[in-house]
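First comes the structure, then the notes that go with it.
Chains as they are written, first to last, in our numbering: chain G, -9 to 421; chain S, -9 to 421.
Here it is in structure tokens:
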């Protein structure tokens, strides 16, 4: 389907092990709204990409980008109104305590800065994450993925601890939801105590509030309240990484709104510039001042007028096109359709979603819940051949991920349901 | 001159300690070529900014940006020709051993990745930098600035060592240039031995090949050859950070060309996208394969088609407008003018340049070379009021930095010389 010479050139330039999707990779040349196109007229419904969140190549965003790039693009050590207009508007979408943004370029940079702020504010170094996550690719932030990657050779930092992520689907033992919440929360205290035992002062806990990389688990009620109490009581700060969950993905502007907890530091990125490298770390006045009193932070590209104009245009589209409502209506429709499918296909063990972030967990058997890894891989590749782009997540890679651009409609959801049904029938016929 | 309410809004949103230039900050609303404009018709000659390297808002770059942003912007896990065309062309400007690019978004990310590659390739953790430098703002990379920032409270990583940067202007003791080169090189061996003493395996040395933040010192002949031998003999890799020095700044495409040393890893950023957040880490096939065999690296925005189209447009302009020749002719002219000035003004202790990166070291007295800190601060602010934007660098902040966009002509250089002369006269009259 794709020109083989492109793959050869890619392997030579970027390496055979450079991450790529699908057994037969997809070649793309154009994007528009929720659609992507190949060089020979191939057409794909994009049910995967969260970065072009307001739609591929959205004309309003491109217009803002072009206009500002033709006018002025400088760093933030001069006075510029673009960053003020955008920054004030951005923090206006959050709890009033979160009023001090630092603009950076990537989610990795946003989390790096969040850790710097947490450490400066607390005087501690210890950071807690979950045991199956990913928060970026730098030396420090990738320490948070150690619980997931389980590398053999790399030295492990003494400054990180990992707790099991909370979930209802595979609890450690049969117990009530309240007891489960307590059991997971107790693990946070264990990690804090272990830091103390090793003379590492606790700085904070960094998590994604929808546990996106963990497979958007249903979280036992009461967990977040206990997390807040334990972390604050131990003198740490709460960092929510909303790089995946922010900007309307969950049907609210911010995922933290549904947790009942306002974080001390909020990081954001991916959808923020609809593909333009834009990210931010937002914190409270108290933490920002503590940080800036002792440390200098400057980011060459962060907060430049072009990035800020693009960010503002993304906010325009979210508002003007009513994308939060769209997420809520389309996700309800898709969930209903998936639950119908679950009745017919034993392999669908669990359906979870937070707005337009769906996780469909494939299992060999609903009672034992043994992950059906190959099934997921076959579906991802075969639904691609039917013109729908999806992917997978989770500790076992057996969770189908549906996470489209936000303008996805119920009609688009119906296409996904139709093609997914075809894939599930083919799969059953083969077994 | 600028609306005070803008500064108030900035202080409230970004913090009073957010880095800003000048005693009375400059408000900018438009840029074109080597000129920047304020809201009330103020016009500034930009003799400072290296990021908009091919000129502010260059129409060819903006056109490429707009065209690609209207067509396709996705991550690199699909096949896309934009990254291949740009990547092949980019590595084509380098020594043939440097043939494997990793695209990222910022210089910080490029140096983070360089350190990850060096550590994976060597199995070591120890990194050597200079004692007065800056390579980025993340937790790990900012360790390289510790020799400069000398923080009191922050825990210091056991994995970094600092050596004095080489220079002819302030040698540790009077000696021949050859002996000086040897003395500075010997410090590298001392750092390596100290790692060994503390059971830290050496991974590599990371420096800017023009020592930009150190004040572009004249480097004693022979230093780089010895550095190469010592680092390689100890099993380390050589990382050159060309985030400031690359893409024609020195009059060659890459600053390493003048050192006689081809690094094992080359990082680049700032001018690469003329203000668009684009950076890269380029290494050898051997190091890239070692790294990719054991570690996964993915960068969401890195290498997206829009960034690559912008990067290619920047290369077009460097070639089409003959900017390397321009750098060589304008820098020779500016250097001549500054040397004339030095005859009249005792305060100019030393004039150094590498292409269009000038450092003018201000001293109270040429014999004792005591830094004239206040003079530099007064000149930077007063030449700004005369319509020329400059800044300062160096361990004592007494070095005037002239580092304009590359299209700077001899006529622009004459404006800088004229206004600088006026400032120096005013300074002498006051003393």
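Cβ atoms here follow ideal geometry from the backbone N, Cα and C, with glycine treated the same way.
This structure is a prediction, so every number in the text was calculated from the model and none was measured.
Closer than 8 Å at the beta carbon, the chain G residues around residue i
| i | result |
| --- | --- |
| residue 97 of chain S | 290 |
| residue 204 of chain S | Result: empty, since nearest Cβ-Cβ is about 17 Å, beyond 8 Å. |
| residue 5 of chain S | 90, 278, 279, 282 |
| residue 55 of chain S | 55, 56, 59 |
| residue 308 of chain S | Neighbours of residue 308 of chain S on chain G: none; closest Cβ ~18 Å, over 8 Å. |
Chain G contact for residue i (CB, 9 Å cutoff)
| i | result |
| --- | --- |
| residue 383 of chain S | no |
| residue 422 of chain S | Absent from the structure is residue 422 of chain S, since the part of chain S shown begins at -9 and ends at 421. |
| residue 77 of chain S | yes |
| residue 39 of chain S | yes |
| residue 120 of chain S | no |
| residue 92 of chain S | yes |
| residue 128 of chain S | yes |
| residue 297 of chain S | yes |
| residue 341 of chain S | no |
| residue 229 of chain S | no |
| residue 102 of chain S | yes |
Reduced DSSP secondary structure (H/G/I, E/B, other) of residue i
| i | result |
| --- | --- |
| residue 305 of chain G | helix |
| residue 118 of chain G | strand |
| residue 232 of chain S | coil |
| residue 166 of chain G | coil |
| residue 371 of chain S | helix |
| residue -9 of chain G | Unreliable placement is indicated for residue -9 of chain G, whose pLDDT of 47 sits below 50; no coordinate value is reported for it. |
| residue 112 of chain S | helix |
| residue 20 of chain G | strand |
| residue 414 of chain S | helix |
| residue 72 of chain G | helix |
| residue 257 of chain G | strand |
| residue 382 of chain S | strand |
| residue 125 of chain G | coil |
| residue 37 of chain S | coil |
| residue 296 of chain S | helix |
Buried versus exposed, by CB contacts within 10 Å (16 or more), residue i
| i | result |
| --- | --- |
| residue 113 of chain S | exposed |
| residue 219 of chain G | exposed |
| residue 185 of chain G | buried |
| residue 278 of chain G | buried |
| residue 180 of chain S | exposed |
| residue -9 of chain G | Residue confidence is low: residue -9 of chain G scores 47 on pLDDT, short of 50, so the model does not pin down where it sits. No coordinate-derived value is stated. |
| residue 106 of chain G | buried |
| residue 250 of chain S | exposed |
| residue 276 of chain S | exposed |
| residue 160 of chain G | exposed |
| residue 177 of chain S | buried |
| residue 321 of chain G | buried |
| residue 230 of chain G | buried |
| residue 356 of chain S | exposed |
Within chain G, partners of residue i - CB distance below 7 Å
| i | result |
| --- | --- |
| residue 11 of chain S | 67, 68 |
| residue 151 of chain S | Neighbours of residue 151 of chain S on chain G: none; closest Cβ ~17 Å, over 7 Å. |
| residue 287 of chain S | 127 |
Short CB-CB distance (under 9 Å) between residue i and chain S
| i | result |
| --- | --- |
| residue 274 of chain G | no |
| residue 187 of chain G | no |
| residue 240 of chain G | no |
| residue 8 of chain G | yes |
| residue 369 of chain G | no |
| residue 0 of chain G | yes |
Chain-ordered neighbours of residue i on chain G, where CB pairs are closer than 9 Å
| i | result |
| --- | --- |
| residue 63 of chain S | 21, 41, 42, 46, 47, 264, 265, 266 |
| residue -3 of chain S | 69 |
Contacts of residue i in chain S (Cβ-Cβ under 8 Å)
| i | result |
| --- | --- |
| residue 16 of chain G | 68, 69 |
| residue 52 of chain G | 56, 59, 60 |
In DSSP terms, what residue i is bridged to
| i | result |
| --- | --- |
| residue 334 of chain S | DSSP lists no partner for residue 334 of chain S. |
| residue 152 of chain G | G/119 |
| residue 353 of chain S | S/361 |
| residue 266 of chain G | G/264 |
| residue 46 of chain G | G/23 |
Amino acids of chain A, ordered along the chain, whose beta-carbon sits closer than 7 Å to that of residue i
| i | result |
| --- | --- |
| residue 260 of chain S | Of the protein chains in this structure, namely G and S, none is chain A. |
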